[in-house]
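Just below is one structure, and these are the notes that go with it.
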Amino acid sequence: MYYIDQKYLLLVSSQLKHFKKKSDGLYNFRCPYCGDSKKSQTKARGFIFRKENSMIYKCHNCGVGASFKNFLRQVDSKIYNEYILERYKKKEVEPDITQFRKPRFLLGDSPLKSLIKVSTLEHNHPVKKFLENRQIPSHSHHELFLAPKFFEWVNTLVPNKFPSLDGDHPRLVIPFFDERDKMFAFQGRAFGKENPKYITIVLDSERDKIYGLNNVDWNKKVYVVEGPIDSLFLDNCIATAQSDLRVRKKDNTILIPDNEPRNKEIVKQIERFINDGYSVVLWPEYVKEKDINDMILSGKSKSEIQKIINENVYSGIKAKTQFVFWKKVELKNEKNLSRNQYRHG
Ligand SMILES: [Zn+2]
Numbered sequence: 002m003y004y005i006d007q008k009y010l011l012l013v014s015s016q017l018k019h020f021k022k023k024s025d026g027l028y029n030f031r032c033p034y035c036g037d038s039k040k041s042q043t044k045a046r047g048f049i050f051r052k053e054n055s056m057i058y059k060c061h062n063c064g065v066g067a068s069f070k071n072f073l074r075q076v077d078s079k080i081y082n083e084y085i086l087e088r089y090k091k092k093e094v095e096p097d098i099t100q101f102r103k104p105r106f107l108l109g110d111s112p113l114k115s116l117i118k119v120s121t122l123e124h125n126h127p128v129k130k131f132l133e134n135r136q137i138p139s140h141s142h143h144e145l146f147l148a149p150k151f152f153e154w155v156n157t158l159v160p161n162k163f164p165s166l167d168g169d170h171p172r173l174v175i176p177f178f179d180e181r182d183k184m185f186a187f188q189g190r191a192f193g194k195e196n197p198k199y200i201t202i203v204l205d206s207e208r209d210k211i212y213g214l215n216n217v218d219w220n221k222k223v224y225v226v227e228g229p230i231d232s233l234f235l236d237n238c239i240a241t242a243q244s245d246l247r248v249r250k251k252d253n254t255i256l257i258p259d260n261e262p263r264n265k266e267i268v269k270q271i272e273r274f275i276n277d278g279y280s281v282v283l284w285p286e287y288v289k290e291k292d293i294n295d296m297i298l299s300g301k302s303k304s305e306i307q308k309i310i311n312e313n314v315y316s317g318i319k320a321k322t323q324f325v326f327w328k329k330v331e332l333k334n335e336k337n338l339s340r341n342q343y344r345h346g
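In the working numbering, the protein residues as written are 2 to 346.
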């Protein structure tokens, strides 16, 4: 199935040297079988091209030809296993090819142009290593950027945001794109111990501050988390970059707060979500990690996490009952909380 092949090709693309899209259905990179030219580091003679409803690999250096499936197994056995599983699941339902969204080119005249796209970094680059250590899925690397001098770059967008450039440092830039791939906000995450760890800057305050608008499908079940990075681990997931997760759409929306039953701010927010009629995930006690990235790092798979989430969604009266057991702090003025239903952000 072409659209699945293409999805998985993009998933492993950061592992393919000099990976380039030549045209629709034609990709070029250095051959992972023979390693390509020994004399030239830039020659790239491996090609993936569309053949009817699938993709085929061919190297013009060593002559290897392979189905997309065998090619993927050669490049990354873990992603290969996911591919097999996904193909198996999609078998009966032939997908509507018009639903597939082409990989978009996000830059144009965007201010991101002056930054470094993380997907273009070499495998052993410290930032690439940082993302790998946090197991941030490689299909999202093309929407993440490196600002070598974060303060200086921000000042080009918001003049004098940082009046002093003392202590300027590199940060990971996580852009918030709207439905048309225009950046309206971004978050800068520190790589080291710089404080604060996250700096969120909104360029257009008219917009709801939501990360992932360019990828979300509002016709499906939508998951909402606090952290943009956490959102990358789940399907159809957006992030609000604040502990208030209430988005405008309530139906078929599941709010997933961080797992912090002892954190008063989080606990208060959850009570608001429930009183407002949202469906909310109350993490079971055996889950100890405080957010989704930590769960991934502790070895839980995406599908395990998704299963825990789907099994622990509460709303209405059931949510109110479960909440009492779940929270590990007492709230003062509990009666007043239901009056406090404003939205901020
Ligand atoms: Zn070859």
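Think of the CB as a built atom: it goes at the ideal place given N, C-alpha and C, for glycine as much as any other residue.
Using the three-state DSSP reduction, which class does residue i fall into: helix, strand or coil?
i: Met56; result: strand
i: Tyr343; result: Here the model assigns Tyr343 a pLDDT of 41, short of 50, so the residue's position is not dependable, and the following value carries that caveat. Three-state result, Tyr343: coil.
i: Ser280; result: strand
i: Val226; result: strand
i: Leu132; result: helix
i: Val155; result: helix
i: Tyr84; result: helix
i: Leu233; result: coil
i: Ile137; result: coil
i: Leu256; result: strand
i: Ala242; result: coil
i: Tyr212; result: strand
i: Phe198; result: Per the sequence shown, the amino acid found at residue 198 is Lys instead of Phe. In this structure, Lys198 counts as coil in the three-state DSSP scheme.
i: Lys250; result: coil
i: Lys118; result: strand
Can you give me the C-alpha to C-alpha distance between residue i and residue j, rounded to a whole angstrom?
i: Lys291; j: Ala45; result: 44 Å
i: Leu246; j: Ala320; result: 16 Å
i: Leu86; j: Tyr3; result: 15 Å
i: Lys70; j: Tyr287; result: 38 Å
i: Gln188; j: Val155; result: 11 Å
i: Phe326; j: Trp284; result: 11 Å
i: Ile306; j: Thr254; result: 17 Å
i: Pro127; j: Val119; result: 11 Å
i: Asn337; j: Arg273; result: Confidence at Asn337 is low in this model, with a pLDDT of 45, below 50, so its placement is unreliable and no value can be given for it.
i: Thr157; j: Ile117; result: 16 Å
i: Tyr28; j: Ser14; result: 10 Å
i: Leu145; j: Tyr212; result: 12 Å
i: Phe151; j: Gly64; result: 46 Å
i: Glu261; j: Cys35; result: 50 Å
i: Ala148; j: Ser115; result: 8 Å
i: Phe48; j: Ala242; result: 40 Å
i: Ile239; j: Val225; result: 5 Å
i: Lys194; j: Ile271; result: 30 Å
i: Leu17; j: Leu132; result: 17 Å
i: His61; j: Tyr84; result: 26 Å
Got a sec? Which residues, its chain only, sit under 6 Å from residue i by beta carbon, not counting five neighbours each side?
i: Asp179; result: Phe185, Leu214
i: Phe20; result: Ser14, Phe30
i: Lys329; result: Pro262, Arg263
i: Glu331; result: none
i: Pro258; result: Ile267, Ile271
Looking only at its chain, what residues have a beta carbon closer than 8 Å to the beta carbon of residue i, apart from the 5 residues adjacent to it on each side?
i: Asn54; result: Met2, Tyr3
i: Tyr315; result: Ile275, Ser280, Val281, Val282, Leu283, Gln323, Phe324
i: Val76; result: Val13, Gln16, Leu17, Pro33
Looking at the strands, I want to know which residues DSSP matches up with residue i.
i: Ala186; result: Phe177, Val203
i: Ala148; result: Arg172
i: Val314; result: Val282
Less than 7 Å between C-beta atoms, sequence neighbours within five positions excluded: which residues of the same chain meet that for residue i?
i: Ile137; result: Ile230, Leu233
| message | Restricting to runs no shorter than 4 residues, where is the alpha helix (DSSP H) found entirely within the region 20 to 82? | response | Note on the region 20 to 82: whole alpha helix (DSSP H) runs with a minimum of 4 residues are 69 to 76, in chain order.
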